[in-house]
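Residues in the sequence shown are numbered from 94 upward in steps of one, following our numbering. Built from N, CA and C at the ideal position, the CB exists for glycine as well. Bear in mind the structure is a predicted one, so any value in this text is a computation, not a measurement.
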Amino acid sequence: MRLGIAMVVALAIGLSGWSGVSRSIASSTLAHTAPYTIGLSDFFIGNSWQAENISLFNQACHSHPKLVKSCIVENANGSISAQIAQIQALISRRVDAILLDANSAAGLNGVVSRALAAGIPVENYDSIITGRATSKINTNQYQWGVLTGTWLVNKLHGKGNIIVLNGLAGNPTNNLRYAYAKQLFARTKGIHVLAVGYDLWDRAKAQADVSRMLDAYPKVDGVWSQGGAMTAGAIIDFQKAGRKLVPMTGEDYNGFLKLWIQNKSKGFTSLSPGQPNYLVTLAFYAALRALHGQHFKSAVNVPLPVITDQTVNRYYRSGKPVSYWVLDKLPMGEINKLLR
């Protein structure tokens with residue numbers, strides 16, 4: 094039976110040529126016996142990007158019935174203490190592996206250490222902790238802020254009133270994205286930040302915030318948004334208010350891409366780095382490698398896709414709903430290259 098499972102793993106995740114990789118973890122001490130129970134601890138599932146992650150995780154689990162017998166999803170709903178308790182519960186349930194999208198850079202280090210001490214690999218993706226994990230899988234979120242902040246300041250020629258749409262206060266991804274942009278706006282004398290909203294990367298919440306901001310400020314020249322759904326909400330509010338669209342940053346939210354294309358001829362412009370949903374898929378296959386006792390990278394640096402005025406038509410998916418995030422699939426060959 095063990096040989097059969099090994100063959101299935103090799104076919105599923107391409108284990109050949111895997112050993113001897115620099116900056117890798119020798120995870121033989123973590124080897125478990127299939128079929129596995131895999132838990133996912135998410136800091137928040139209240140927006141469409143996170144919902145798509147959970148769907149991709151469940152799809153991955155169900156596509157390997159010989160390897161995975163059970164999948165567990167825990168939603169901390171934005172609470173650090175709840176996420177700590179949920180991870181501890183996963184440890185107590187003796188899950189075989191944990192996928193982690195963290196609500197705190199440092200606050201989860203202790204409970205993750207307890208999971209590792211219990212022989213449970215922890216694959217950390219998207220929002221990354223400062224402590225040790227089996228692997229950390231992400232794009233460069235600081236660079237996200239560098240690209241978008243610089244682009245917006247340049248588009249406004251260093252002068253103008255802007256509004257900021259952030260995600261979740263204190264969240265590692267939110268903080269990294271805003272770190273450079275906030276500094277850049279502060280040191281650019283002609284840029285004035287009128288208001289900052291924290292809208293959980295959600296379209297409806299952003300619409301409510303932007304509506305109030307437009308009522309309060311008659312002149313808004315740009316929108317720095319760190320979420321495509323929030324940018325879609327901003328466009329809708331600008332149009333409802335009869336305001337001319339201004340340069341806005343965004344992401345790979347299909348509804349935003351549709352609005353972008355519809356308004357390009359009217360002068361609308363954007364730069365949109367996307368946080369790929371396939372990060373969770375990478376984390377899933379990293380967990381399978383760990384559970385099979387293989388060597389793998391401790392830091393998986395995923396290229397940051399960037400959508401521009403010139404490439405937006407290529408990314409938009411007309412047959413998908415507006416709530417769809419387009420960076421959801423990665424060929425197995427690319428997964429193997431990134432994890433090797």
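Exclusion of the five residues before and after Asn146 leaves Asn370 and Val373 as the residues of its chain whose Cβ lies within less than 6 Å of its Cβ. In this structure, the alpha-carbon of His385 lies about 18 Å from that of His155. With respect to Thr342, Trp244 sits close: the two C-beta atoms are nearer than 9 Å.
In terms of Cβ geometry, Gly321 and Phe349 form a close pair [threshold 9 Å]. Using a Cβ distance threshold of 9 Å, Val257 and Val286 count as a contacting pair. The Cβ atoms of Val316 and Ala327 lie closer than 9 Å to each other. Contact between Leu149 and Pro128 is absent: CB atoms are separated by about 20 Å, not below the 8 Å threshold. Counting C-beta pairs closer than 8 Å gives three or more between the stretch 131–147 and the stretch 157–171, which meets the contact rule. Counted as a single uninterrupted DSSP element, the stretch harbouring Trp244 is not any beta strand (DSSP E) but the alpha helix (DSSP H) occupying residues Gln234 to Lys248. In the same chain as Lys359, and ignoring 5 residues on each side of it, the C-beta atoms closer than 8 Å to its own belong to Leu338, in chain order.
Glu344 and Tyr291 have their C-alpha atoms spaced approximately 16 Å apart. A contact is defined here as three or more CB-CB pairs under 8 Å, and the stretch 186–206 meets this definition with respect to the stretch 263–277. By the criterion of at least three beta-carbon pairs nearer than 8 Å, the stretch 273–288 is not in contact with the stretch 205–214. Under the rule that a run must span 4 or more residues, the alpha helix (DSSP H) segments found entirely inside the stretch 196–232 read 202–210.
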